[in-house]
Every structure is written in structure tokens, then in C-alpha cells.
Amino acid sequence: MHEGSHHISRRRENWQMIKTSENLEEMSLREKIEFLNETVQPEEGVIPSYILGDPTIYELEHKKVFLKTWVFVGHESEIPNKSDFMTRDLAGYSVIISRGSDDVIRGFYNMCTHRGMKLCRADKGNKSSFTCPYHGFNFKNNGDLVGVPLQKNIYGDRLDKSKMGLHNIRIESYKGLLFGTWNEEAEPLSEFLGEFKWYLDILIGRAKMEVMGPPQRFIVQSNWKIGSDNFVGDSYHTMVTHGSIAKLGMVPNATYSKKGYQIHTNNGHGLNLGTPNPDFAFPEELKSEYISNLSGEQFEVLSNLKNMIGNIFPNLSFLISHTKVKNQLISNTTIRLWRPVDVNKMEVITWFLVEKHASEDWKKRSRDSYILTFSPSGIFEQDDTEVFTDITAAASGPMPMLKQLTYNYTMGLHREPVSDFVGPGVVYNDKFSEANQRNFYRYWLDLMNS
Ligand code: FES
Ligand code: FE
736 MHEGSHHISR
746 RRENWQMIKT
756 SENLEEMSLR
766 EKIEFLNETV
776 QPEEGVIPSY
786 ILGDPTIYEL
796 EHKKVFLKTW
806 VFVGHESEIP
816 NKSDFMTRDL
826 AGYSVIISRG
836 SDDVIRGFYN
846 MCTHRGMKLC
856 RADKGNKSSF
866 TCPYHGFNFK
876 NNGDLVGVPL
886 QKNIYGDRLD
896 KSKMGLHNIR
906 IESYKGLLFG
916 TWNEEAEPLS
926 EFLGEFKWYL
936 DILIGRAKME
946 VMGPPQRFIV
956 QSNWKIGSDN
966 FVGDSYHTMV
976 THGSIAKLGM
986 VPNATYSKKG
996 YQIHTNNGHG
1006 LNLGTPNPDF
1016 AFPEELKSEY
1026 ISNLSGEQFE
1036 VLSNLKNMIG
1046 NIFPNLSFLI
1056 SHTKVKNQLI
1066 SNTTIRLWRP
1076 VDVNKMEVIT
1086 WFLVEKHASE
1096 DWKKRSRDSY
1106 ILTFSPSGIF
1116 EQDDTEVFTD
1126 ITAAASGPMP
1136 MLKQLTYNYT
1146 MGLHREPVSD
1156 FVGPGVVYND
1166 KFSEANQRNF
1176 YRYWLDLMNS
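Structure representation (C-alpha cells):
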């Protein structure tokens, strides 16, 4: 994982030396992969811009990334009661996440096994069974087919309902975060998250957390990777993109976002820890709950936390930030999914999370703090999505190939990670580095090769 050991650049002068074709669409699958390997060079800090704008890449990453890996589908607290359910998108397909009458959370392909109709069209609700809107087949919320209208009369004894249950999808939870995958061979979620769990514990395992309200959703004309890239490692933009908050005096100075650590682990995950913080930005009365859920080192990080911004590969970003309300520092915790809709379009889905045992007053103020900053109408959110849209526009169409456009991701290549930080992973002292993005694109490229 050490960056110092990267191989020496074999950067080609000219992409046409590799391929006579300028058009990815015309290449065979093997040629596409070869072309990707020649042009995407995370260890050198060279990322070609066509990977954000080319429809062929988008299709390929759907198969190689989104159908292969774990993708976030929701938080357990969204379906707290027996028989609660919600429908979610998993890599472009609708799935039902259902808490059975037996309290077990299961995932099903939202497709009737009779003739393929979408079984459930509600966003969420509470149901012990689902009835198909086409011919009325009825499925229990554990997936079993239990009712077929006029069965005896029209099928005789020939229909075996036990073979027609809903198609199961693997759903696993880490501290309430539910992920699904279409890949039967995928490693267990816990292994996929690996050392990154140490940091996720601080994010969502520090106390019993619950989602407040339904997630907010909005469409941005942006490739999904720009969102992940921005959250996984781009603290640098904060000075400029969000410069107005320094001018307004909401933060001490323009380089406030530099101090802290940038950290990444295996499988493309990464985060940025803003420290130190002289004030405790969490509810004082929950300290004992935090201490019982965290190790001493994790609690130390939480106690000094100014903010925490990161991304679970591929597209679940998270954030703890804070604002001062009536002289008290109020943190807010959010997670957001950059859900790909098209090569140049994503749906941003954001969830606001709060400590379940916090006071109602704290919960309300924490929510206000979220709405002010990173909700769809928040000041930071609007700054960012402007940038995402413009980058996507410039990466679209034939220009990236014609001009062989690349981005520069070399920041911090000269630096060595530190070894005295309390948490796991590759850790850099100070957040202005692009090591996390290089790690993100390295894993993305590995999956594209798989
Ligand atoms: Fe569902 Fe026929 S398609 S009952
Ligand atoms: Fe930002």
C-alpha cells in the first residue's frame, strides 16, 4: 500500500501509438481494458478525462464495478419495525429491502417471478405480503410465494409455489449501514470494509444512530466519480470553492481545511480527518455511550474531531461537520450516495443521521446545522455541485480523446506516510494530498481489469 514503491512511468507520448482507433466503442473488450491500463496511471498521478465522460466506460464500470461490489442501499433505522420495507436501487435495478415478520432484514429483486412485473412500487411502507399488480401473485415478506389467484382451477396440480419465491439478494449490515450486492462471490461486507471499519465506528458506531426523515434526493448533471473523488480526498478545494464561508467568518481562515490527516485503506476507501478541535462537538451527555462503543484511541479521535469527510468505495460518501449555534458547537452527520443514472448524470441521495439518545433539542439543532451546510439547499452543497457539473461537461463528447486530456493527481507524491497515528491504514499528516484519489482510482482500475 506504500506509495513509494510505485513502478516507473511508462507514460506514452501519444495514445494513438497504443490504438489506431480514437473510439472506445469500436474496440474489443480486451482492447478497451488494455487502453485503460495504458492511460489510467494512478501511481503517476495521471488520470485521463475520458473516464468521466465516455459512455463505453460507464457501461463497463456498471458490469465490472457496480454489479461486482457492495453498494449502499439504506440504513436499518429506516425500517425499524417488523414488516417495514423500502424499495431501493441496486446498480440500476429495483430491490425490496424488507424486515420480515421475524425481524430479519432481507433483500429481494423487485420483480415478480411469474412474468417479471415490478412487484412493489411504493418507496416504503409496512406490509406482511406483496401482491403483484399484474396477475395478483402474492408473496410473503420473507419472499415465499403464498397466493396465486384461481390456482387449482387454472394450473391444476402443476404449479409448485415453493420454487417461485422472490429472487434473494445478498444484504449485509455494518453498524446499521445496509449494503447489497448482486455478486454471490463477493467477499463478506466486513472483509470488504476491512481496516476502514475503524473509522466507520467513529462515524456511525459511536452511539446508536438513527436516520431522521426520508432521504433527500436531487439530480446533478455529473459523472458519479467526481462526487466520490471529491469526498475521498479533495480537502484542497475547500479554500477556494467554499472560500465564502471564510469571508463570512464562519471558519477562522482559508486554510482551516488543511490541518489533520488524510487516510486510505484497501479497496479504494479513504477519508480526511480534520483535527484538532478544542471544543467537543457532540452531546456531552452521551460521552459514556461513546466510551462504551469505541476504543480509547477511537474516542480520542472523536474528542478532537473538527470534521470527517470520506468515501466508502465506490459511491457512499460521508461527512461529520459542524456549525456554531448560539455559541455551542453542533455536529451533524450525513451520508450520501452518488447514484449513477447515466454517464453524465447522478442522483444524489442524502441521509441525515443523529444519535438516537440525544435530546430532542440537540437533534433539532443538529438537523438545522445539516440543512445550513450540506442539504440540497445548503451553502456547501451548492458550491460543490456547480463544479461537478462543469467538470462533467468538459469531459464529455470526443474532445477528451482527440486532445488526449488528462488530469493532474500528483499532489503529495513526494511525501511519506506517518507511522505514529493511532488508527490503521496509510496515513498522511495534513489533508492536502491526492493520495486518497490515487488509491480510489487504483482500486477502480483493478476492478475494471477483473
Ligand atoms: Fe406478477 Fe403475473 S407478473 S402476477
Ligand atoms: Fe466541497
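Counting from 1 along the sequence shown, just add 735 to a position and that's the residue number in the working numbering. Ideal placement from N, C-alpha and C gives every residue a C-beta, glycine not left out. What you are looking at is a predicted structure, and each value in this text was computed from that prediction instead of being measured.
Residue 945 - partner residues in DSSP beta bridges: Residue 945 sits at position 210 when you count from the first residue of the sequence shown. Residue 945 pairs with 1089.
- request: Report yes or no: is there a C-beta of chain E within less than 8 Å of the C-beta of residue 805?
  value: In summary, chain E is missing from the structure at hand, where a single protein chain is found.
Helix, strand or coil at residue 1033 [DSSP, three-state]: Sequence index remark: in the sequence shown, residue 1033 carries index 298 (1-based). Judged by DSSP in its simplified three-state form, residue 1033 adopts helix.
task: Return yes when the C-beta of residue 1123 is under 7 Å from any heavy atom of the ligand FE, and no when it is not.
output: Indexing the sequence shown from 1 puts residue 1123 at position 388. Outside the cutoff, so no.
field: the segment 787-800 / the segment 1148-1158 touching (three or more Cβ pairs under 8 Å)
entry: At 8 Å Cβ cutoff, the stretches do not touch.
- request: Please work out which residues of its chain come closer than 6 Å, Cβ to Cβ, to residue 1134, disregarding the five sequence neighbours upstream and downstream, and give them in chain order.
  value: Taking the first residue of the sequence shown as position 1, residue 1134 is located at position 399. Within the same chain, and ignoring the five residues on either side of residue 1134 in sequence, no residue has its Cβ closer than 6 Å to its Cβ.
query: residue 871: beta carbon under 7 Å from a heavy atom of the ligand FES?
result: By one-based count along the sequence shown, residue 871 stands at place 136. Residue 871 Cβ: within cutoff of the ligand FES.
message: DSSP three-state label for residue 1143, please.
response: Looking up residue 1143 in the sequence shown gives position 408. In the three-state scheme derived from DSSP, where H, G and I count as helix and E and B as strand, residue 1143 is classed as strand.
- request: With a threshold of 7 Å, establish whether the CB of residue 977 neighbours any heavy atom of the ligand FES.
  value: As a first step, residue 977 must be located in the sequence shown, where it is residue number 242. Checking every heavy atom of the ligand FES against the Cβ of residue 977, none is found closer than 7 Å.
message: Let me check you understand the geometry: is the CB of residue 1136 closer than 7 Å to at least one non-hydrogen atom of the ligand FES?
response: Position 401 of the sequence shown, counted from the first residue, corresponds to residue 1136. Residue 1136: no, Cβ never under 7 Å from the ligand FES.
field: Alpha-carbon spacing of residue 1185 relative to residue 900, whole angstroms
entry: As a position in the sequence shown, residue 1185 is number 450, starting the count at 1. As a position in the sequence shown, residue 900 is number 165, starting the count at 1. C-alpha separation (whole angstroms): 32 Å.
- request: Starting from residue 993, follow the alpha helix (DSSP H) in both directions and report where the run begins and ends.
  value: Against the sequence shown, residue 993 aligns to sequence position 258. No alpha helix (DSSP H) contains residue 993, which DSSP labels as neither H nor E.
task: Say whether the segment 909-923 touches the segment 931-946, bearing in mind that this needs 3 or more beta-carbon pairs closer than 8 Å, one atom from each stretch.
output: Output reads yes: the segment 931-946 touches the segment 909-923.
message: I want to know whether the segment 1135-1143 touches the segment 954-970 - three or more CB-CB distances under 8 Å.
response: Counting Cβ pairs under 8 Å, fewer than three are found: no touch.
- request: Examine the ligand FES and report whether any of its heavy atoms sits within less than 7 Å of the Cβ of residue 847.
  value: Taking the first residue of the sequence shown as position 1, residue 847 is located at position 112. Shortest gap from the CB of residue 847 to any heavy atom of the ligand FES: under 7 Å.
message: Suppose you measure from the CA of residue 1072 to the CA of residue 886; what does that come to, to the nearest Å?
response: Here residue 1072 corresponds to residue number 337 of the sequence shown, with the count starting at 1. Here residue 886 corresponds to residue number 151 of the sequence shown, with the count starting at 1. Their backbone Cα atoms lie some 42 Å apart in a straight line.
query: From residue 1110 to residue 1104, what distance separates their C-alpha atoms?
result: As a first step, residue 1110 is located in the sequence shown; it is residue number 375 there, counting from the start. As a first step, residue 1104 is located in the sequence shown; it is residue number 369 there, counting from the start. Inter-residue distance for residue 1110 and residue 1104 is about 9 Å (C-alpha atoms, whole angstroms).
- prompt: Got a sec, what are the start and stop residues for the beta strand (DSSP E) residue 790 sits in?
  reply: Taking the first residue of the sequence shown as 1, we reach residue 790 at position 55. Looking at the DSSP string, residue 790 is not in any beta strand (DSSP E); the run it does join, the alpha helix (DSSP H), is 790-796.
- prompt: Using the rule of at least 16 other Cβ atoms within 10 Å of the residue's Cβ for burial, across every protein chain shown, is residue 763 buried or exposed?
  reply: Within the sequence shown, the letter at position 28 stands for residue 763. So residue 763 ends up on the exposed side.
task: Starting from residue 808, trace the beta strand (DSSP E) both ways and give me its first and last residue.
output: Your numbering for residue 808 matches position 73 in the sequence shown. Counted as a single uninterrupted DSSP element, the beta strand (DSSP E) harbouring residue 808 occupies residues 806-810.
task: Count the C-beta pairs between the segment 1046-1065 and the segment 1008-1026 that are closer than 8 Å, then say yes if the count reaches three, no if not.
output: Yes, they touch.
- request: Have a look at the DSSP bridge pairing and note the partners of residue 1121.
  value: Within the sequence shown, numbered from 1, the residue matching residue 1121 stands at position 386. Residue 1121 has no beta-bridge partner at all, per DSSP.
message: I'd like the list of long-range same chain contacts for residue 821, defined as Cβ closer than 7 Å, with 5 residues on each side in sequence excluded.
response: Stepping through the sequence shown from its first residue, residue 821 is reached at position 86. Correct list, in chain order: 809, 813, 814, 832, 858 and 859.
task: Give the DSSP-derived three-state secondary structure of residue 828 in the structure shown.
output: Along the sequence shown, one-based indexing puts residue 828 at 93. Residue state for residue 828 is assigned as strand, using DSSP reduced to three classes.
task: Assuming residue 869 contacts residue 847 (C-beta within less than 8 Å), just tell me the rounded distance between them.
output: Residue 869 sits at position 134 when you count from the first residue of the sequence shown. Residue 847 sits at position 112 when you count from the first residue of the sequence shown. Between residue 847 and residue 869 the Cβ distance is about 7 Å, and since that is below 8 Å, they are a contact.
- request: May I ask you to check if the CB of residue 973 is nearer than 7 Å to at least one heavy atom of the ligand FE?
  value: In the sequence shown, residue 973 corresponds to position 238, counting from 1. Correct: residue 973 has its Cβ closer than 7 Å to the ligand FE.
field: Minimum C-alpha distance to residue 761 - residue among 1064, 791, 772 and 1146
entry: Counted from its first residue, the sequence shown places residue 761 at position 26. The closest CA to that of residue 761, considering only 1064, 791, 772 and 1146, is found on 791.
message: On the CB-based measure, 16 or more other CB atoms within 10 Å of its CB, does residue 776 come out buried or exposed?
response: Here the question's residue 776 lines up with position 41 in the sequence shown. Around the beta carbon of residue 776, 16 or more other beta carbons sit within 10 angstroms, so the residue counts as buried.
- prompt: Who are the near neighbours of residue 929 in its chain, counting only those whose CB is closer than 8 Å to its CB and skipping five residues on each side?
  reply: The sequence position of residue 929 within the sequence shown is 194, counting from 1. Cβ neighbours of residue 929 beyond the five flanking positions: 1000, 1001, 1002 and 1004.
field: Touching by the beta-carbon criterion (3+ pairs, under 8 Å), the segment 1066-1080 and the segment 915-922
entry: Not touching, per the Cβ criterion.
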